[in-house]
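**Q** Please find one structure pasted underneath; my questions will follow.
Number of protein chains: 2
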Amino acid sequence: MILALAGGVGGAKLAHGLAKLLEPDQLLVVVNTGDDFEHLGLPISPDLDTVTYKLAGINNPDTGWGLIGESWAFMSALESLGGESWFRLGDRDLATHVIRAKGLREGNSLSKVTADIASHYGILHRIVPMSDHPVRTIVETDIGDLPFQIYFVREKCEPITKRVKFEGANNAFPSELFMEALNNEAVNAIVICPSNPILSIAPILALSGVRNRLRSHPAPLIAVSPIIAGRAVKGPTAKIFEEMKMDSSALGVANYYHDVLDGIVIDSQDAHLAASISSKGIDVITADILMNSTSDQVRLAGDVLEFAQRLRKVEVSNAV
Amino acid sequence: MILALAGGVGGAKLAHGLAKLLEPDQLLVVVNTGDDFEHLGLPISPDLDTVTYKLAGINNPDTGWGLIGESWAFMSALESLGGESWFRLGDRDLATHVIRAKGLREGNSLSKVTADIASHYGILHRIVPMSDHPVRTIVETDIGDLPFQIYFVREKCEPITKRVKFEGANNAFPSELFMEALNNEAVNAIVICPSNPILSIAPILALSGVRNRLRSHPAPLIAVSPIIAGRAVKGPTAKIFEEMKMDSSALGVANYYHDVLDGIVIDSQDAHLAASISSKGIDVITADILMNSTSDQVRLAGDVLEFAQRLRKVEVSNAV
Numbered sequence: 001m002i003l004a005l006a007g008g009v010g011g012a013k014l015a016h017g018l019a020k021l022l023e024p025d026q027l028l029v030v031v032n033t034g035d036d037f038e039h040l041g042l043p044i045s046p047d048l049d050t051v052t053y054k055l056a057g058i059n060n061p062d063t064g065w066g067l068i069g070e071s072w073a074f075m076s077a078l079e080s081l082g083g084e085s086w087f088r089l090g091d092r093d094l095a096t097h098v099i100r101a102k103g104l105r106e107g108n109s110l111s112k113v114t115a116d117i118a119s120h121y122g123i124l125h126r127i128v129p130m131s132d133h134p135v136r137t138i139v140e141t142d143i144g145d146l147p148f149q150i151y152f153v154r155e156k157c158e159p160i161t162k163r164v165k166f167e168g169a170n171n172a173f174p175s176e177l178f179m180e181a182l183n184n185e186a187v188n189a190i191v192i193c194p195s196n197p198i199l200s201i202a203p204i205l206a207l208s209g210v211r212n213r214l215r216s217h218p219a220p221l222i223a224v225s226p227i228i229a230g231r232a233v234k235g236p237t238a239k240i241f242e243e244m245k246m247d248s249s250a251l252g253v254a255n256y257y258h259d260v261l262d263g264i265v266i267d268s269q270d271a272h273l274a275a276s277i278s279s280k281g282i283d284v285i286t287a288d289i290l291m292n293s294t295s296d297q298v299r300l301a302g303d304v305l306e307f308a309q310r311l312r313k314v315e316v317s318n319a320v
Numbered sequence: 321m322i323l324a325l326a327g328g329v330g331g332a333k334l335a336h337g338l339a340k341l342l343e344p345d346q347l348l349v350v351v352n353t354g355d356d357f358e359h360l361g362l363p364i365s366p367d368l369d370t371v372t373y374k375l376a377g378i379n380n381p382d383t384g385w386g387l388i389g390e391s392w393a394f395m396s397a398l399e400s401l402g403g404e405s406w407f408r409l410g411d412r413d414l415a416t417h418v419i420r421a422k423g424l425r426e427g428n429s430l431s432k433v434t435a436d437i438a439s440h441y442g443i444l445h446r447i448v449p450m451s452d453h454p455v456r457t458i459v460e461t462d463i464g465d466l467p468f469q470i471y472f473v474r475e476k477c478e479p480i481t482k483r484v485k486f487e488g489a490n491n492a493f494p495s496e497l498f499m500e501a502l503n504n505e506a507v508n509a510i511v512i513c514p515s516n517p518i519l520s521i522a523p524i525l526a527l528s529g530v531r532n533r534l535r536s537h538p539a540p541l542i543a544v545s546p547i548i549a550g551r552a553v554k555g556p557t558a559k560i561f562e563e564m565k566m567d568s569s570a571l572g573v574a575n576y577y578h579d580v581l582d583g584i585v586i587d588s589q590d591a592h593l594a595a596s597i598s599s600k601g602i603d604v605i606t607a608d609i610l611m612n613s614t615s616d617q618v619r620l621a622g623d624v625l626e627f628a629q630r631l632r633k634v635e636v637s638n639a640v
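Chains as they are written, first to last, in our numbering: chain A, 1 to 320; chain B, 321 to 640.
See below:
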């Protein structure tokens, strides 16, 4: 069984590739919920929806969020009534949030509601929130502390990041299936998808007990670098690494994860960094990380699984 | 100034006619909120919206509710996610409910929120809820007590009505502008629009103090019959009158309102009932009540205003 930790677009793409290669019971995708927020009275879970829509094959590939073929009648009516329009909710997407709101209002966990929505979309693989407790990512910037969506969507990542904190993470336990996987030795690889390490993966690692459990879990932990040739595939990863005085490269990513990491997949363009990464005791492979198509996603997922298998053999032979 | 009491479609049509003839400060439209309910976590005010959309000229004339040119992407997505679909919420209409929810959540009264929405739609005449306190219409039927929308929309008015009650009405005061009008002698006619007397007007009359205030107000109170030739123009009025052993005719309407009524406008087809109504001390005029067009609405509104003026003169001459 494979445990994948994912944020938004990049995470969704690799999760999609893994889902194409693995049976439903062989994959658990754990998704960041630090970006969740309430908007217009509705609970919004952007990364959960991005992963769900991707695995259902109904995602909008151009925006990286929302549904393909979406319509915007609600949004335009809301604008004409003077409503907030900086966060765009499509007509069909809105149904997801309304269903989620109803499920939560009726006392169900976010895990349960997420599973119900995924099931209605015909998804067989399991997608779970990192936690059923609220965690809220706050970006400390030069213009003050900003809740994630204000920073990310309304302010378009323009403010300079000083630090990122995860309110509630210390008191939030992993969701039930995530906790089970962390304690399950049948999990034979843990994959950190190519999502923003600081904004999308760090909240997962910040949950109570997760970092320790990842360190002690027998399975190899493999990250896929979201940075290629010093640039993020999408989003502000490289910009934030720079603002936080970190090396905005695959080496910087390896450094960032070094305490939990067994291996990292870096892009072929970054092959010159492999020696530096290896010297820190982290295994490296190179691959084409850019995923423009389903076949790219499946190919990269295959590379990751093969790498994990190799690391398991090394561990076994070391143990012998 | 004219005070008009209205429910849904029929009320909205006459209110529209009155608005075409009167300046904004000469008309106050008080709307039934007994049909209000919460659905999918949103506060829905069907009659307020029907009147608002009608006065804004954006109502759907075919259904009698909702917006013209509406789209249904949200609803179809909601259905595919297993959500409740018996109450149809169009994509644009949904924005009204979301804006109302936000306004109420922020502590504004329904009156304030309604005025804001009307203002965004460019409406100059005042539309107010009958009360800012919750009143809930419950229909006691042969299959049990049904909240209004369950009876009306989900069960399509098929159950047999035994009685109708208005939960909360005893403790609900009229909204501020309604109360002001009830105490304002500058109001020189009170018009009960051709809405369902039992379902749409009775909740307004049931509010704390309203019936007494209407009886003692010096202005003539005129109703327009929603029943023509024994049949309701729209909706279950005649059916409910019969089920409650009342005369489903303009005479039955006059009887139902007799304790507050000075005059009634009945359809030309019902001219033969005029003598029976007059014999109860209620003034009668006949007119074409069916309103298929804006010009019909303006014509009927003109008839009502003329009738009111005549009744005022009679009162003045009686006083002299």
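Even glycine gets a Cβ: it sits at the ideal position worked out from N, Cα and C.
Remember, predicted model here, so these are calculated numbers, not experimental data.
So which residues of chain B does Ala172 of chain A contact, with C-beta pairs closer than 8 Å?
**A** Numbered from its first residue, the first sequence carries residue 172 of chain A at position 172. Result: empty, since nearest Cβ-Cβ is about 24 Å, beyond 8 Å.
**Q** Among the residues of its own chain, which have a CB less than 6 Å from the CB of Glu121 of chain A, if the five just before and after it don't count?
**A** For the purposes of this step, residue 121 of chain A is taken as residue 121 along the first sequence, with counting starting at 1. According to the sequence provided, residue 121 of chain A is Tyr. The question's Glu does not apply to it. Contacts found: Ala56.
**Q** Do you know how far the Cα of Leu3 of chain A is from the Cα of Ser279 of chain A?
**A** Within the first sequence, numbered from 1, the residue matching residue 279 of chain A stands at position 279. Within the first sequence, numbered from 1, the residue matching residue 3 of chain A stands at position 3. Each residue's alpha carbon lies about 27 Å from the other.
**Q** Which runs of the beta strand (DSSP E), 3 residues or longer, sit entirely within the segment 413-453 of chain B?
**A** Fully enclosed beta strand (DSSP E) runs of 3 or longer: 446-449.
**Q** Give the C-beta separation of Ile586 of chain B and Ile602 of chain B to the nearest angstrom, bearing in mind that I take them to be a contact with Cβ-Cβ under 8 Å.
**A** Sequence index remark: in the second sequence, residue 586 of chain B carries index 266 (1-based). Sequence index remark: in the second sequence, residue 602 of chain B carries index 282 (1-based). About 10 Å separates the two Cβ atoms, so there is no contact after all.
**Q** Compute the beta-carbon to beta-carbon distance between Ala543 of chain B and Asn508 of chain B, rounded to the nearest angstrom, for a pair I have assumed lies under 8 Å.
**A** Here residue 543 of chain B refers to the residue found at position 223 when the second sequence is read from its first residue. Here residue 508 of chain B refers to the residue found at position 188 when the second sequence is read from its first residue. Ala543 of chain B to Asn508 of chain B, Cβ: 16 Å. No contact.
**Q** Short of 8 Å in beta carbon distance, which residues of its chain neighbour Arg319 of chain B, apart from the five on each side in sequence? Order them along the chain.
**A** A question about residue 319 of chain B goes unanswered here, because the residues of chain B that appear run from 321 up to 640.
**Q** Alpha carbons only, please: which of B:Val530, B:Glu563, B:Asn490 is nearest the one belonging to Pro454 of chain B?
**A** On the second sequence, position 134 is the one that residue 454 of chain B refers to. Comparing Cα positions, the closest option is B:Asn490.
**Q** Output, in chain order, the set of chain B residues within a Cβ distance shorter than 9 Å of Leu81 of chain A.
**A** Looking up residue 81 of chain A in the first sequence gives position 81. Simply Ala415, Thr416, Val418, Ile419, Asp436, Ile437, His440, Tyr441.
**Q** Check each candidate in B:Ser391, B:Leu534, B:Lys340 and name the one with the smallest Cα separation from Arg446 of chain B.
**A** On the second sequence, residue 446 of chain B is found 126 positions in, with the first residue counted as 1. Answer by Cα proximity: B:Lys340.
**Q** Does any residue of chain B have a CB that is nearer than 8 Å to the CB of Leu78 of chain A?
**A** In the first sequence, the residue the question calls residue 78 of chain A occupies position 78. Closer than 8 Å to some Cβ of chain B, the Cβ of Leu78 of chain A qualifies, so yes.
**Q** With a 10 Å radius around its C-beta and 16 neighbouring C-beta atoms as the bar for buried, classify Asp49 of chain A as buried or exposed.
**A** Mapped onto the first sequence, residue 49 of chain A falls at position 49. It counts as buried.
**Q** Any beta carbon from chain A within less than 8 Å of Leu655 of chain B's own beta carbon?
**A** Past the edges of chain B, shown from 321 to 640, lies residue 655 of chain B, and the structure says nothing about it.
**Q** Whether or not the segment 518-526 of chain B and the segment 477-493 of chain B are in contact is what I'm after, with contact meaning three or more pairs of Cβ atoms, one per stretch, closer than 8 Å; do they touch?
**A** Touching, yes.
**Q** Provide the residue(s) that pair with Ala509 of chain B in DSSP beta bridges, ordered along the chain.
**A** Here residue 509 of chain B is taken as the residue at index 189 of the second sequence, counted from 1. According to DSSP, Ala509 of chain B bridges with B:Ile322.
**Q** Does any residue of chain B have a CB that is nearer than 8 Å to the CB of Leu273 of chain A?
**A** By 1-based counting over the first sequence, the position of residue 273 of chain A is 273. Not an interface residue.
**Q** Measure the alpha-carbon distance for Ala12 of chain A versus Asn379 of chain B and round it to whole angstroms.
**A** Start at 1 with the first residue of the first sequence, and residue 12 of chain A comes out as number 12. Start at 1 with the first residue of the second sequence, and residue 379 of chain B comes out as number 59. Rounded to whole angstroms, Ala12 of chain A to Asn379 of chain B spans 42 Å at the Cα level.
**Q** So, does the CB of Ala393 of chain B fall closer than 8 Å to a CB anywhere in chain A?
**A** As a working note, residue 393 of chain B is residue 73 in the second sequence. Judged by the 8 Å Cβ criterion, Ala393 of chain B is in contact with chain A.
**Q** Could you give the distance in angstroms between the alpha-carbon of Ala628 of chain B and the alpha-carbon of Ser451 of chain B?
**A** As a first step, residue 628 of chain B is located in the second sequence; it is residue number 308 there, counting from the start. As a first step, residue 451 of chain B is located in the second sequence; it is residue number 131 there, counting from the start. Going by the C-alpha atoms only, they are around 26 Å apart.
**Q** Using CA atoms only, rank isn't needed, just tell me which of B:Val553, B:His592, B:Ile518 is closest to Glu563 of chain B.
**A** Residue 563 of chain B sits at position 243 when you count from the first residue of the second sequence. Comparing Cα-Cα distances from Glu563 of chain B to each of B:Val553, B:His592, B:Ile518, the minimum goes to B:Ile518.
**Q** Between which two residues does the beta strand (DSSP E) harbouring Asp603 of chain B extend?
**A** Here residue 603 of chain B is taken as the residue at index 283 of the second sequence, counted from 1. Start and end: 603-607.
**Q** Measuring straight from C-alpha to C-alpha, what distance separates His16 of chain A and Leu22 of chain A?
**A** Working through the first sequence from its first residue, we reach residue 16 of chain A at position 16. Working through the first sequence from its first residue, we reach residue 22 of chain A at position 22. Each residue's Cα considered, the two are about 10 Å apart.
**Q** Which ranges does the alpha helix (DSSP H) cover as unbroken runs of at least 4 residues, wholly within the segment 542-607 of chain B, from first to last along the chain?
**A** The qualifying runs are 557-563, 570-577, 594-598.
**Q** Any beta-carbon of chain A closer than 8 Å to the one on Arg408 of chain B?
**A** Here residue 408 of chain B refers to the residue found at position 88 when the second sequence is read from its first residue. No, Arg408 of chain B lies away from the interface with chain A (no Cβ there is under 8 Å from its Cβ).
**Q** For Ile123 of chain A versus Ile99 of chain A, is the C-beta distance shorter than 8 Å?
**A** Position 123 of the first sequence, counting from 1, holds the residue named residue 123 of chain A. Position 99 of the first sequence, counting from 1, holds the residue named residue 99 of chain A. No, the pair does not count as a contact, with Cβ atoms beyond the cut-off.
**Q** Where Leu221 of chain A and Leu414 of chain B are concerned, what is the direct C-alpha to C-alpha distance, given to the nearest angstrom?
**A** Translated into positions along the first sequence, residue 221 of chain A becomes position 221. Translated into positions along the second sequence, residue 414 of chain B becomes position 94. If you take the alpha carbons of Leu221 of chain A and Leu414 of chain B, they lie about 46 Å apart.
**Q** Taking only beta carbons into account, state which residues of the segment 360-376 of chain B come closer than 7 Å to chain A, listed in chain order.
**A** If the cut-off is 7 Å between Cβ atoms, the segment 360-376 of chain B has Leu360, Gly361 near chain A.
**Q** What residues from chain A crowd round Lys422 of chain B, counting only those whose CB sits closer than 8 Å?
**A** Position 102 of the second sequence, counting from 1, holds the residue named residue 422 of chain B. Those are Leu40, Gly41, Gly83, listed as they occur along chain A.
**Q** With a threshold of 8 Å between beta carbons, is Arg649 of chain B in contact with chain A?
**A** No answer is possible for residue 649 of chain B: it lies beyond the span of chain B, which begins at 321 and ends at 640.
**Q** Using beta carbons (cut-off 8 Å, strictly below), is Asp411 of chain B in contact with chain A?
**A** Position 91 of the second sequence holds residue 411 of chain B. By this cut-off, Asp411 of chain B is an interface position.
**Q** With a floor of 3 residues, list each beta strand (DSSP E) that falls wholly inside the segment 456-499 of chain B, ordered by position along the chain.
**A** The segment 456-499 of chain B contains these whole beta strand (DSSP E) runs: 456-461, 464-467, 481-487.
**Q** Kindly give me the distance between the Cβ atoms of Ala229 of chain A and Asp270 of chain A, rounded to whole angstroms, as I take these residues to be in contact under 8 Å.
**A** Locating residue 229 of chain A in the first sequence gives position 229, counting from the first residue. Locating residue 270 of chain A in the first sequence gives position 270, counting from the first residue. 6 Å between Cβ atoms; contact.
**Q** Can you check whether the CB of Val580 of chain B is closer than 8 Å to the CB of Arg619 of chain B?
**A** The sequence position of residue 619 of chain B within the second sequence is 299, counting from 1. The sequence position of residue 580 of chain B within the second sequence is 260, counting from 1. Cβ atoms of Arg619 of chain B and Val580 of chain B: not closer than 8 Å.
**Q** I need the straight-line Cα distance from Thr416 of chain B to Leu81 of chain A, nearest angstrom please.
**A** Stepping through the second sequence from its first residue, residue 416 of chain B is reached at position 96. Stepping through the first sequence from its first residue, residue 81 of chain A is reached at position 81. Each residue's Cα considered, the two are about 8 Å apart.
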